[in-house]
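Numbered per my numbering, the sequence shown spans residues 18 to 102.
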Amino acid sequence: MAKVQVLGTGCIKCGYLMKNAEVAVAERQAGDLVEKVDDIVKVLEFNPSALPALVINGKVVSNGTLPSSEEIKQLIDQSNEGEGL
18 MAKVQVLGTG
28 CIKCGYLMKN
38 AEVAVAERQA
48 GDLVEKVDDI
58 VKVLEFNPSA
68 LPALVINGKV
78 VSNGTLPSSE
88 EIKQLIDQSN
98 EGEGL
């Protein structure tokens with residue numbers, strides 16, 4: 018199970034990234050959680066270099082890009098492998 022967070026301030030790109038993350042999580046059917054983080058103080062705690070940003074299990078994995086749902090699934094898998102899950 019992964020925790021996927023979309024960091025952004027509510028722009029159109031943030032919305033697309035959130036939608037892609039929700040699709041990826043739904044397709045994985047692994048009990049992953051998706052969360053939108055739009056509080057700027059919380060966003061800055063992750064220190065992203067650009068927005069929107071994608072965080073998986075507490076680690077920023079994408080900055081300023083819009084990975085597809087397929088790419089997000091791969092990033093989740095890579096994150097889980099890195100944690101020995």
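A virtual CB, placed ideally from N, CA and C, is assigned to each residue, including glycine.
(message) Taking the beta carbon of Ser85 as the centre, do at least 16 other beta carbons fall within 10 Å, making it buried, or is it exposed?
(response) With fewer than 16 other Cβ atoms inside 10 Å of its own Cβ, Ser85 counts as exposed.
(message) Let me check one thing: in DSSP terms, what residues is Lys30 bridge-paired to?
(response) Partner(s): none; Lys30 has no beta bridge.
(message) Taking 9 Å as the threshold (C-beta atoms), are Gly25 and Val60 in contact?
(response) yes
(request) Please go through the same chain and pick out, in chain order, the residues whose beta-carbon is closer than 6 Å to the beta-carbon of Pro65, but skip the five residues on each side of it. (result) Leu24, Val77, Asn80
(message) Measuring only the C-alpha atoms, how far is Ser96 from Lys53?
(response) The straight-line gap from Cα to Cα measures roughly 19 Å.
(request) Could you check the C-alpha separation between Lys30 and Lys36 for me, to the nearest Å? (result) 10 Å
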